[in-house]
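Single-structure report; data block below.
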Amino acid sequence: MGFARRKVNPWEVVNYKAVHPVTGYLNEDDDLDIIHVGETDTRGTYLFDVKDVGAHNIQQALVFARQQLLIEISKKGYNTLLLEGWEMTTLRKGVKRRVEVKYRARPALLSGDVTVRLPPFFDLLTSKVY
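Residue numbering for the sequence shown follows numbering that gives the first Met the number 0, beginning at 0 and increasing consecutively.
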């Protein structure tokens, strides 16, 4: 009596975009002082099952991933992300669609009014050019 492995279709990569960590605070007009910078990057991986892989859904996934990372670093006493980068992979299996976001950032504690920003190169998600 033999056992046959059930054939499982793997997730197929449809699209991949990545932004290496870049700084978001290069504006000298901001009155911000760096008090403390984390020694290591903070990383998070987030999976989203979506019905449509349109620009709006993938942008929301990236913003959500960034917000989750901000919540995590706030628990450690930081208030912003000094260096930020992300990877986004769009996957499909039959009619199912999935978006995987890997967000990486260096946490920091800044004095002054820290404004909420969009992830770096956010517009890359709507462009056809890589």
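Yeah, the Cβ is synthetic: ideal placement off N, Cα and C, and Gly gets one too.
Please read all numbers here as calculations on a predicted model, not as lab measurements.
Taking only three categories from DSSP, how would you classify residue i?
| i | result |
| --- | --- |
| residue 124 | helix |
| residue 7 | coil |
| residue 63 | helix |
| residue 19 | strand |
| residue 69 | helix |
| residue 129 | Only weak support is given to the placement of residue 129: the predicted model assigns it a pLDDT of 38, under 50, and the question is left unresolved by the model. |
Compare the Cα-Cα distances from residue i to each of the options and report the closest residue.
| i | options | result |
| --- | --- | --- |
| residue 100 | 107, 8, 124 and 115 | 124 |
| residue 112 | 88, 79, 93 and 104 | 79 |
| residue 95 | 38, 51 and 30 | 51 |
| residue 107 | 57, 31 and 86 | 31 |
| residue 104 | 38, 9 and 110 | 38 |
| residue 48 | 59, 119, 102 and 120 | 59 |
| residue 7 | 61, 14, 114 and 93 | 93 |
| residue 33 | 42, 22 and 43 | 22 |
| residue 43 | 83, 56 and 114 | 83 |
Please go through the same chain and pick out, in chain order, the residues whose beta-carbon is closer than 6 Å to the beta-carbon of residue i, but skip the five residues on each side of it.
| i | result |
| --- | --- |
| residue 129 | Only weak support is given to the placement of residue 129: the predicted model assigns it a pLDDT of 38, under 50, and the question is left unresolved by the model. |
| residue 45 | 64 and 100 |
| residue 17 | 86 |
| residue 35 | 108 |
Leaving out five residues on either side along the sequence, give the residues of the same chain with a beta carbon under 7 Å from the beta carbon of residue i.
| i | result |
| --- | --- |
| residue 54 | 124 and 125 |
Cutting at 8 Å between CB atoms, please list the residues of its own chain near residue i, excluding the five before and the five after it.
| i | result |
| --- | --- |
| residue 12 | 88, 89 and 90 |
| residue 97 | 10, 46, 47, 48, 49, 89, 90 and 91 |
* Taking contact to mean at least 3 C-beta pairs separated by less than 8 Å, is the segment 0 to 18 in contact with the segment 58 to 76? -> Flag = no, the segment 0 to 18 and the segment 58 to 76 do not touch.
* Within the segment 79 to 105, note down every full beta strand (DSSP E) run reaching 3 residues or more, in order along the chain. => Taking only runs of at least 3 residues, the beta strand (DSSP E) segments lying wholly in the segment 79 to 105 are 79 to 92.
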